[in-house]
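*Asks:*
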Amino acid sequence: MNDILSILLLAPLAACGLIILLPETRVREIRAAAIASALVPAFCSLLLYGVALAAGDGFRFAMDIPWVPAWGLSLHLCVDAFSLPMLLLTSVVGLAAMLASAQPDRPKAYYLLLTVVLGTSLAAFVSRNLFFFYFFCEVTTIPKFLLTSIWGHLPEGKYRTTPKFAAMQVTLFIAFGAMTVLLAMSLLYYVGGQTMDLDTLRDQVAVTPLSLGVQQWIFGALLVGFGIWSSMWPFHTWSPLTYATMPAPAAMLFAGVAKNFGVYALLRIGLDVLPQGAQSFAQPLAVIATINIIYGGFVAMRQADWNYIIAYSSISHMGYLLLALAAAMSPGGAGAASAVVFFMVAHGLIVALFFLLSDCLQKTAGSRFVGDLGGLARTMPFLGVAFAVAVIAGSGLPGFANFVAEVMVFIVSWSEGSVAFRVGAIAAVWGVVMTATYLFRALRSTFHGEARGERAPSPPPGLSVRLAILVLVLSSVAAGLWPRLLTDLNYSEPVTAQQKAVGP
Amino acid sequence: MNLLYPVQLEAMLAILALGTLVAEAVRPFRNVKRLGYVLAAAVLGLLAFSMVIEPATSLFLNNTYKLDAFALFFKRLLLFTTSLVLVTAAVFSKELEHGVTEHYVLILLASVGMLVLCSAVDFILLFVALELITISFFVMNSHHRRDIASLEAGTKYLIMGALSSGLVVYGISYIFGTTGQTSFHAVAAALETRAGGDTALSIGILLVLLGLSFKISAVPGHMWTPDVYQGAPLSATSFLATGSKTAGIALMLTLLFEGLLPARGIWDPMTIYVAGVTLLYGNLGALMQTDLKRLLGYSSIAHAGYLLMGIVAMNREGLAAILFYIAQYSVSSMAGFLAMAAVIRKGGGANLSAFAGLHRRSPLLAAGIAVSMLSLAGVPPLSGFFGKFMLFTAVLKNALISPELVVLAILAALGVVISMFYYFRVVQTVYVEEPTDPTPIAVGHTLRIALTACILITILAGIFQSPLVDAALTAVAHLSAAL
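Taken in order, these protein sequences are the chains called A and B. Counted the way our numbering counts, the first sequence spans residues 1 to 504. Counted the way our numbering counts, the second sequence spans residues 1 to 483.
(1) Do you know offhand how far Pro233 of chain B's Cα is from Gly154 of chain B's?
(2) Looking at C-beta atoms only, is the number of pairs between the segment 155 to 174 of chain B and the segment 199 to 207 of chain B that lie closer than 8 angstroms three or more?
(3) At a cut-off of 7 angstroms, is Ala23 of chain B close to the ligand HEM when judged by its beta-carbon and the heavy atoms of the ligand?
(4) Which residues in the same chain have their Cβ closer than 8 angstroms to the Cβ of Leu72 of chain B, if we skip the five residues on either side of it in sequence?
(5) Please list, in chain order, all residues of the same chain as Gly180 of chain B whose beta carbon is under 7 angstroms from its beta carbon, the five residues on each side excluded.
(6) Hey, is Glu528 of chain A's beta-carbon within less than 8 angstroms of any beta-carbon in chain B?
(7) Taking Glu450 of chain A as the reference, give the member of A:Arg378, A:Leu47, A:Met408 and A:Thr435 with the closest Cα.
(8) Along chain A, which residues have their Cβ under 8 angstroms away from the Cβ of Phe392 of chain B?
(9) Rounded to whole angstroms, what's the CA-CA distance from Phe176 of chain A to Val100 of chain B? Just pull it up for me.
(10) How is Pro483 of chain A classed by DSSP in three states: helix, strand or coil?
(11) Is it buried or exposed for Glu24 of chain A, if we count other Cβ within 10 angstroms and need 16 for buried?
(12) Return helix, strand or coil for Val502 of chain A, following the three-state DSSP convention.
(13) Taking any Cβ of chain B, which residues in the segment 47 to 77 of chain A have a Cβ under 9 angstroms from it, in chain order?
(14) Judging by CA-CA distance, which residue of A:Asp203, A:Gly157, A:Phe382 and A:Glu416 is the nearest neighbour of Ser330 of chain A?
(15) Distance, Cα to Cα, Ala162 of chain B vs Ile249 of chain B?
(16) Tell me which residues share the same chain as Leu253 of chain A and place their Cβ nearer than 6 angstroms to its Cβ, disregarding the 5 neighbours each side in the sequence.
(17) Evaluate contact between the segment 261 to 275 of chain B and the segment 374 to 389 of chain B, counting only Cβ atoms and requiring at least three cross-stretch pairs below 8 angstroms.
(18) Name the residues in the segment 410 to 428 of chain B whose C-beta lies less than 8 angstroms from a C-beta of chain A; which are they?
(19) I'd like to know whether the C-beta of Ser383 of chain B is nearer than 8 angstroms to at least one C-beta of chain A.
(20) Quick one, which of B:Ala190, B:Leu212, B:Arg34 and B:Lys66 has its alpha-carbon nearest Met160 of chain B's?
(21) Taking 8 angstroms as the threshold (beta carbon to beta carbon), is Ala327 of chain B in contact with chain A?
(22) Under a CB-based cut-off of 8 angstroms, is Pro380 of chain B close to chain A?
(23) Listing by chain order, which chain A residues have their CB less than 7 angstroms from the CB of Val432 of chain B?
(24) For Asn63 of chain B, I'd like the list of residues in its chain whose CB is within less than 6 angstroms of its CB, leaving aside the five on either flank, ordered along the chain.
(25) Can you find a CB in chain B that lies within less than 8 angstroms of the CB of Met179 of chain A?
(26) May I ask you to report which of helix, strand or coil DSSP gives Tyr229 of chain B?
(27) Check whether the Cβ of Leu374 of chain B lies closer than 8 angstroms to any Cβ atom in chain A.
(28) Rounded to whole angstroms, what is the Cα-Cα separation between Ala339 of chain A and Trp414 of chain A?
(29) Which runs of the beta strand (DSSP E) at least 3 residues long sit entirely within the segment 248 to 333 of chain A? Give them in chain order.
(30) List, from N- to C-terminal side, the beta strand (DSSP E) runs of 3 residues or more that fit wholly inside the segment 94 to 125 of chain B.
(31) What are the partner residues of Phe60 of chain B, as DSSP defines its beta bridges?
(32) Between the alpha carbons of Leu130 of chain B and Thr246 of chain B, how many angstroms are there, rounded?
(33) Report yes if the CB atom of Ser480 of chain B is closer than 8 angstroms to the CB atom of Leu319 of chain B, and no otherwise.
(34) Only counting runs of 4 or more residues, tell me where the alpha helix (DSSP H) segments fall wholly within the segment 120 to 146 of chain A, in order along the chain.
(35) Give me, in chain order, the residues of the same chain whose beta-carbon lies closer than 7 angstroms to that of Pro440 of chain B; leave out the 5 immediate sequence neighbours on both sides.
(36) Would you say Asp470 of chain B reaches chain A, if we count a Cβ-Cβ gap shorter than 8 angstroms as a contact?
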């Protein structure tokens, strides 16, 4: 198992090295290396998944490599029920992103940056040491900045801003969250006995929990910092412009995968190390999550740019995710952890699919603004069907992963029992209606009805793009029709510490 | 021979410098660029030699000079930095026009002063070394005799340097007057036996620290930094940013923790505020700069603030963090300066527009500047990030005891976010904008090797941090024994 994990993590690194060595002219080889850097981890994650199912209760592969012993830092990697679905998500979305990248200029740098993001995201999800989790998450800063600045593109005349501004905005905003997280983590390092290792911290806290005040301060700071990363209201303002500007494969990786870093970290740290601190924030977080759902939904209804619709829809769905997280943090709500992980996977797949399709729309129809388009289903049947599938999936209709995920969120939120959560559950159900409204309306305006504007016939999406779409749709269908694929993993072992700490 | 043993590195450097000077006087060198490369290689040879020197526990030269692991760490770092500065000067030699050999000699002599300053444990030796460095820089900064910016830089450095040297001597005289000693250890012993509240001694300590703040460009000795960095020739700027600051911080650590530790009640609270103001001033001042050298001047003030953070952390981790930070800061900065040396022209200034679209003209130079800026900003996986991480953890270790440290840590975090704006803007300029003059820039072999080495060290030290961290911890073991 350690070998599989090592191969999984080293494949993107090897691909990076290969891309650096290849000359700029060999685009096909560079692209092949990039696709391999996603294919190998996908294969390895499936292998790990098989082993995990066979192992049954208490599966947990861990690897510990001392890195800076003098500072107490070791590269502690661990695959368990929380991180395995994230590995699957990251490799599938990464594969789709690599397949969907088409002839960028400066291909070498482009694929190198995408591979770095993929590799470091994989490493982040399996990191059990807080320093390395932070390190791997923050390694995406430079690729994010460069991808948005150099290959970023805003449609002509529609926006008053530039890709350079968008790049700077997202980098500074996320950096602000990152610094907050760093301060909180450094404080945790010391009050937890000079260790950044989650396992050590968990064991220590089980014996002597940290004082409530300290826990609240640290978790509060983490909530703000990680909330910024996960577009929690009111720190969500960086996301629409960023995703509108980034090239689509980058948007797929960042919205589908990197956005989940924050929630994943809060789940891990909140359950393992700061259970009482997390509990104090469960109700406020539920309220904020409700605002996310409603605010995101209403703003999405007003958008004309497909990328903005998707971005605000993503903000709205992060509300669902935060609601499930809040339920997991409240006393006795540890069972909601599986809902959080399931939702991260479901949402990641669909938002990646949407950004991919929006990019196809831009390339084939020339515009991704709903007002410019209409009646495209006649001339672009494939894209029409693909969009319809995505809209159905995104609205949470049965057959796709989002339906199961949202039902799980309704259940865990309602069964938590307090007013804030019940209101949140009602808002979440209402959110399905809102999502369906703006998504179907945009679909109808774009693909059905009267055609607006003249456009020359353009080629349909190529084979690799279709493959990418297929991969994402099939994954979502698989999780949606057989939820047990993900829920059968043993979630109870990681949450045992919380139950121990909270008490019977 | 026994007398020369501790100062063998300085002696060899001095012989190299004076030998070059005499050779130039006898028969002027024609290929000054190659001379620079040869001198750089010679200094690298000295660096290799220094690696076999064993740290000594006893003091030398009548208890004024130490050669322990701490001193050796800084000597090796300074030798490496000097070598890189000589390469920078060699690449920039066409712009230096005349007196290039003398410029090299001054670099070497300043380096001698810096090496001595790292080992000084006596106020007199401190002052002598300080003056050697400062006077060498007086001349280096105003190298371009007909460029008014350079003359202004030299004059400002002269006036501020003279003022601070005067303050240092005045402070030393107070300390000598009250304790009767000039050796750091003797002063520490005298401080311990003395009952607290000796005004004259406190004034002396404060004056010395005030004068030394000039050396590391901390508030209030920071005013000269942007103007001098902008006006001085690039090689002088690079040496100021890296070598001078390194020597200054080494001296501050030795002075504060070996000499003035019993008086920490005086200098510790003050340094917390100085650190906070310094890093705010530097980061805010750099925001609107359009000249890269001036921007690096303000950022240098900010980095002095971060270094002072390590001092007020008052623990072993803080001191080790400072050593790691200054080592990676020197190498990261030199990567940027090496790249700049091939781009800017005398009198043309280092305006950011000169760097627009640099990647089209030379991918290596663009990478050098980008890696340098990103490491200074503290972004993973570069070494600057781990330096800042070490500083933050060190400061927060004592945060539960003194809440001011929490405020300082928060200010530093804000400073990092602010700094990301101006550093990333440089990266954007280099990679996104179109060059005004798209002619490719030729990069010589030596520059290529030096720049690649700096880039690789910056990246690798950020990923495989353990060797440098262990070296730093070993170096501060003696210094932090009392903490």
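The C-beta atom is built at its ideal place from N, Cα and C for all residues, glycine as well.
*Replies:* Put simply:
(1) Reading the second sequence from its first residue, position 233 is the one you call residue 233 of chain B. Reading the second sequence from its first residue, position 154 is the one you call residue 154 of chain B. Going from the Cα of Pro233 of chain B to the Cα of Gly154 of chain B covers about 10 angstroms.
(2) yes
(3) This structure lacks the ligand HEM; in fact it carries no ligand of any kind.
(4) Counting from one through the second sequence, the residue named residue 72 of chain B turns up at place 72. Within the same chain, Leu72 of chain B has close Cβ partners Ser50, Ile53, Pro55 and Ala475.
(5) Counting from one through the second sequence, the residue named residue 180 of chain B turns up at place 180. Closer than 7 angstroms at the Cβ level, and outside the excluded window around Gly180 of chain B, lies no residue.
(6) With chain A covering only 1 through 504, there is no way to say anything about residue 528 of chain A.
(7) Within the first sequence, residue 450 of chain A is the residue found at index 450, counting from 1. Residue A:Arg378 is the option with its Cα nearest to Glu450 of chain A.
(8) Within the second sequence, residue 392 of chain B is the residue found at index 392, counting from 1. The answer, in chain order, is Leu182, Leu183 and Ser186.
(9) Taking the first residue of the first sequence as position 1, residue 176 of chain A is located at position 176. Taking the first residue of the second sequence as position 1, residue 100 of chain B is located at position 100. Going from the Cα of Phe176 of chain A to the Cα of Val100 of chain B covers about 46 angstroms.
(10) By 1-based counting over the first sequence, the position of residue 483 of chain A is 483. Pro483 of chain A: coil per DSSP, three-state reduction.
(11) Taking the first sequence and counting its residues from 1, the one referred to as residue 24 of chain A is at position 24. Glu24 of chain A should be labelled exposed.
(12) Residue numbering aside, residue 502 of chain A sits at position 502 when the first sequence is read from its first letter. Only weak support is given to the placement of Val502 of chain A: the predicted model assigns it a pLDDT of 43, under 50, and the question is left unresolved by the model.
(13) Pro66, Trp67, Val68, Pro69, Ala70, Trp71 and Leu73
(14) Indexing the first sequence from 1 puts residue 330 of chain A at position 330. The option with the nearest alpha carbon to Ser330 of chain A is A:Glu416.
(15) As a first step, residue 162 of chain B must be located in the second sequence, where it is residue number 162. As a first step, residue 249 of chain B must be located in the second sequence, where it is residue number 249. Taking the straight line from one Cα to the other gives about 19 angstroms.
(16) The residue you call residue 253 of chain A lines up with position 253 of the first sequence. Excluding positions up to five away in sequence, the list reads Ala97 and Val117.
(17) no
(18) Ile410, Ala413, Leu414, Val416, Val417, Met420, Phe421, Phe424, Arg425, Val427 and Gln428
(19) Within the second sequence, the letter at position 383 stands for residue 383 of chain B. Taking Cβ atoms only, chain A never reaches closer than 8 angstroms to Ser383 of chain B, which makes this a no.
(20) In the second sequence, residue 160 of chain B corresponds to position 160, counting from 1. Comparing Cα positions, the closest option is B:Leu212.
(21) Within the second sequence, the letter at position 327 stands for residue 327 of chain B. Not an interface residue.
(22) Translated into positions along the second sequence, residue 380 of chain B becomes position 380. True, the Cβ-Cβ gap to chain A drops below 8 angstroms.
(23) Here residue 432 of chain B refers to the residue found at position 432 of the second sequence. Per Cβ cutoff of 7 angstroms: Ser149, Ile150 and Lys164.
(24) On the second sequence, residue 63 of chain B is found 63 positions in, with the first residue counted as 1. Closer than 6 angstroms at the Cβ level, and outside the excluded window around Asn63 of chain B, lie Ser183.
(25) Looking up residue 179 of chain A in the first sequence gives position 179. Chain B, which has a Cβ nearer than 8 angstroms to the Cβ of Met179 of chain A, makes this yes.
(26) Position 229 of the second sequence, counted from the start, is the residue given in the question as residue 229 of chain B. Three-state DSSP puts Tyr229 of chain B in a helix.
(27) As a position in the second sequence, residue 374 of chain B is number 374, starting the count at 1. Yes, Leu374 of chain B lies at the interface with chain A (some Cβ there is under 8 angstroms from its Cβ).
(28) On the first sequence, residue 339 of chain A is found 339 positions in, with the first residue counted as 1. On the first sequence, residue 414 of chain A is found 414 positions in, with the first residue counted as 1. Rounded to the nearest angstrom, the two C-alpha atoms are 13 angstroms apart.
(29) DSSP runs (the beta strand (DSSP E)) wholly in the segment 248 to 333 of chain A: none.
(30) none
(31) By 1-based counting over the second sequence, the position of residue 60 of chain B is 60. In DSSP, Phe60 of chain B forms a bridge with B:Tyr65.
(32) In the second sequence, the residue the question calls residue 130 of chain B occupies position 130. In the second sequence, the residue the question calls residue 246 of chain B occupies position 246. Using only the alpha carbons, I get a separation of about 13 angstroms.
(33) Within the second sequence, numbered from 1, the residue matching residue 480 of chain B stands at position 480. Within the second sequence, numbered from 1, the residue matching residue 319 of chain B stands at position 319. In this structure, Leu319 of chain B lies closer than 8 angstroms to Ser480 of chain B by Cβ.
(34) 130 to 138
(35) Position 440 of the second sequence, counted from the start, is the residue given in the question as residue 440 of chain B. Excluding positions up to five away in sequence, the list reads Arg361 and Ser362.
(36) In the second sequence, counting from the first residue as 1, residue 470 of chain B sits at position 470. Closer than 8 angstroms to some Cβ of chain A, the Cβ of Asp470 of chain B qualifies, so yes.
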